[in-house]
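All remarks here apply to the structure that follows.
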Amino acid sequence: MMTIKDVEVKKALNAWKPDAMLTNLSIAYYEEPQFAARRLFPICPVTLPAGKFYIFRKGDLARDNMRKKPPYGTVAPAVFGLDTQSYTCEIYQEKIGMDRLIALPYERASAFDMKRARTKTLTEQIALHQEIEFAEKFFKAGVWNNEWQGAASTNKANKKFAKFSGANDPAEIMDYLSMEIRRNGRRRPNKLALGTETYAALRSNAAIKERIKYTGTNSAPAVVNEQCLAAIFGVDSVVVLDSTVNRAGVGAADQMEFVCDPKGALLLYTPEAAAVDTPSAGYMFTYQISGNDYIAVEEFEGEPGSYTTFLSGLIAYDMRITSQDLAVYLTDCV
Numbered sequence: 011m012m013t014i015k016d017v018e019v020k021k022a023l024n025a026w027k028p029d030a031m032l033t034n035l036s037i038a039y040y041e042e043p044q045f046a047a048r049r050l051f052p053i054c055p056v057t058l059p060a061g062k063f064y065i066f067r068k069g070d071l072a073r074d075n076m077r078k079k080p081p082y083g084t085v086a087p088a089v090f091g092l093d094t095q096s097y098t099c100e101i102y103q104e105k106i107g108m109d110r111l112i113a114l115p116y117e118r119a120s121a122f123d124m125k126r127a128r129t130k131t132l133t134e135q136i137a138l139h140q141e142i143e144f145a146e147k148f149f150k151a152g153v154w155n156n157e158w159q160g161a162a163s164t165n166k167a168n169k170k171f172a173k174f175s176g177a178n179d180p181a182e183i184m185d186y187l188s189m190e191i192r193r194n195g196r197r198r199p200n201k202l203a204l205g206t207e208t209y210a211a212l213r214s215n216a217a218i219k220e221r222i223k224y225t226g227t228n229s230a231p232a233v234v235n236e237q238c239l240a241a242i243f244g245v246d247s248v249v250v251l252d253s254t255v256n257r258a259g260v261g262a263a264d265q266m267e268f269v270c271d272p273k274g275a276l277l278l279y280t281p282e283a284a285a286v287d288t289p290s291a292g293y294m295f296t297y298q299i300s301g302n303d304y305i306a307v308e309e310f311e312g313e314p315g316s317y318t319t320f321l322s323g324l325i326a327y328d329m330r331i332t333s334q335d336l337a338v339y340l341t342d343c344v
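With the sequence shown counted from 1, adding 10 to any position gets you our numbering.
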């Protein structure tokens, strides 16, 4: 056991290292608030875990049904068809334990609040799970009917576009695709989601930089960022999908990857909030499992004598494509 004299000797030699935790620093690789699922697709709260919703047929709504009234008679009723689509909110759970005996010395030293740290971890785990499902449901090849592939040059008949990393103007294909979505879906796309490599290629694209080269000043130089690209492509917002995930199992070497395809892009229309008679490329249906919220975090005690507390996180939702006409997915952008 180290005595006071031993400590004084080590202090004189600058070799004493107190075994105490810092109160103003800890290191945890929490994700920055860049999860995209909740920013791109509106949340539609539902009171039942499963159900159906109506879809008015676009063709009937877009058809001119007005007819000249015949004398002494009336016109035939217009036909407006209805289809239905279903949703099923699955419930997901994660549980995190806290050993109160292990946490006690750290809390007494005000090193950190384990409960607060575990709650933050649980909240981020919920968001990460949603982000992974977003990538599976919305941001990959094969899920959207309207899909284009990057190539050496543009060939609209074969749904090929010139890769953004080449000598081309990406605004041309974006304008064309926006007009196609407006023509087929009756809404102009308002959001653009970009994989990390796609975003980097657009930032370096010569045609994009040419468009802004005279817009900067010495104090505010022109840069290609999300706001700049949104203005060039005519959308309200550009979202870069740069959240990461460890694909390795417990105990294996970390395998860090981007959650969403880094070479992909998704041009789409979604409203800011769910509303009746409002079309959207997709919705996130959320089942209210705790009051008015679809996320529930609960604290409960472990087995008697274990001095353990658990945090349980529940979430109930279903991500659904609700209109294939309101989005186009681009693969191999780089």
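C-beta: ideal position from N, C-alpha, C; glycine also.
Could you say which of the options lies nearest to residue i if we only look at CA atoms?
i: tyrosine 186; options: Lys223, Ala203, Leu277 and Phe144; result: Leu277
i: cysteine 343; options: Ala216, Thr57, Gly176 and Gly91; result: Gly176
i: serine 247; options: Val307, Gly312, Pro59 and Arg198; result: Arg198
i: leucine 204; options: Asp123, Ala232, Lys150 and Asn228; result: Lys150
i: methionine 189; options: Leu340, Leu336 and Thr341; result: Leu336
i: arginine 128; options: Arg110, Pro115, Ala119 and Arg118; result: Arg110
i: alanine 46; options: His139, Ile101, Ser316 and Pro115; result: His139
i: threonine 131; options: Ile112, Glu104 and Phe268; result: Glu104
i: valine 245; options: Ile222, Pro55, Arg192 and Phe122; result: Arg192
i: valine 234; options: Lys219, Tyr224 and Asn228; result: Lys219
i: leucine 50; options: Met294, Ile101, Asp74 and Lys273; result: Met294
Going straight from the alpha carbon of residue i to that of residue j, what length do you get?
i: serine 333; j: tyrosine 82; result: 42 Å
i: tyrosine 64; j: leucine 92; result: 7 Å
i: asparagine 34; j: phenylalanine 243; result: Note that asparagine 34 scores a pLDDT of 46, beneath 50, so its modelled location is shaky; the value from the coordinates is reported in the next line. The alpha-carbon atoms of asparagine 34 and phenylalanine 243 are separated by roughly 44 Å.
i: alanine 306; j: isoleucine 325; result: 7 Å
i: lysine 68; j: valine 89; result: 12 Å
i: lysine 78; j: alanine 285; result: 34 Å
i: leucine 32; j: alanine 161; result: Residue confidence for leucine 32 is low, a pLDDT of 44 falling below 50, so the modelled location carries little weight; the figure read from the coordinates is stated next. So the two alpha carbons sit approximately 53 Å from each other.
i: glutamate 311; j: alanine 258; result: 30 Å
i: glutamate 267; j: glycine 107; result: 27 Å
i: methionine 76; j: valine 85; result: 9 Å
i: glutamine 135; j: leucine 71; result: 42 Å
i: threonine 208; j: tyrosine 317; result: 50 Å
i: leucine 114; j: glycine 315; result: 16 Å
i: glutamate 282; j: isoleucine 53; result: 9 Å
i: threonine 57; j: serine 290; result: 20 Å
i: tryptophan 158; j: glycine 152; result: 11 Å
i: glycine 226; j: alanine 121; result: 46 Å
i: alanine 137; j: tryptophan 154; result: 23 Å
i: arginine 73; j: threonine 254; result: 46 Å
i: phenylalanine 148; j: glutamate 308; result: 30 Å
i: isoleucine 331; j: proline 87; result: 32 Å
What is the residue span of the beta strand (DSSP E) that residue i lies within?
i: serine 214; result: It is not in any beta strand (DSSP E) - serine 214 instead sits in the alpha helix (DSSP H) that spans 206-214.
i: alanine 60; result: 60-66
i: tyrosine 116; result: Counting along the chain, tyrosine 116 falls outside any beta strand (DSSP E), though it belongs to the alpha helix (DSSP H) covering 110-118.
i: phenylalanine 310; result: 305-311
i: serine 188; result: Segment 180-195 is the alpha helix (DSSP H) holding serine 188; no beta strand (DSSP E) there.
i: asparagine 256; result: 254-256
i: serine 229; result: Unbroken run through serine 229: none, as it is neither H nor E.
i: valine 56; result: 53-56
i: alanine 318; result: Checking the displayed sequence, the identity of residue 318 turns out to be threonine instead of alanine. It spans 318-331 - the beta strand (DSSP E) in which threonine 318 sits, taken as one unbroken run.
i: threonine 84; result: First-last for threonine 84: undefined, no H or E at that position.
i: tyrosine 339; result: 337-341
i: serine 300; result: From DSSP, serine 300 is part of no beta strand (DSSP E); its letter is neither H nor E.
What are the boundary residues of the alpha helix (DSSP H) that residue i is part of?
i: threonine 296; result: Segment 292-297 is the beta strand (DSSP E) holding threonine 296; no alpha helix (DSSP H) there.
i: glutamine 95; result: Not the alpha helix (DSSP H): glutamine 95 falls in the beta strand (DSSP E), residues 92-98.
i: glutamate 236; result: 236-243
i: alanine 49; result: For the record, residue 49 in the displayed sequence is arginine; it is not alanine. Here the alpha helix (DSSP H) through arginine 49 covers 47-50.
Check whether chain D comes within 8 Å of residue i, counting only Cβ atoms and requiring the distance to be less than that.
i: methionine 329; result: The structure shown contains no chain D; it holds only a single protein chain.
So, do the region 178-185 and the region 296-310 have three or more beta carbon pairs nearer to each other than 8 Å? no
Can you confirm whether the region 138-148 touches the region 302-322 when touching is taken to mean that 3 or more C-beta pairs between the two stretches lie within less than 8 Å? no
Between the region 209-220 and the region 233-240, do three or more beta carbon pairs fall short of 8 Å? yes
Which parts of the region 120-164 are runs of the beta strand (DSSP E), unbroken and 3 residues or longer, counting only runs that do not cross its ends? 157-161
Per the contact definition of three or more C-beta pairs closer than 8 Å, is the region 49-62 in contact with the region 96-109? yes
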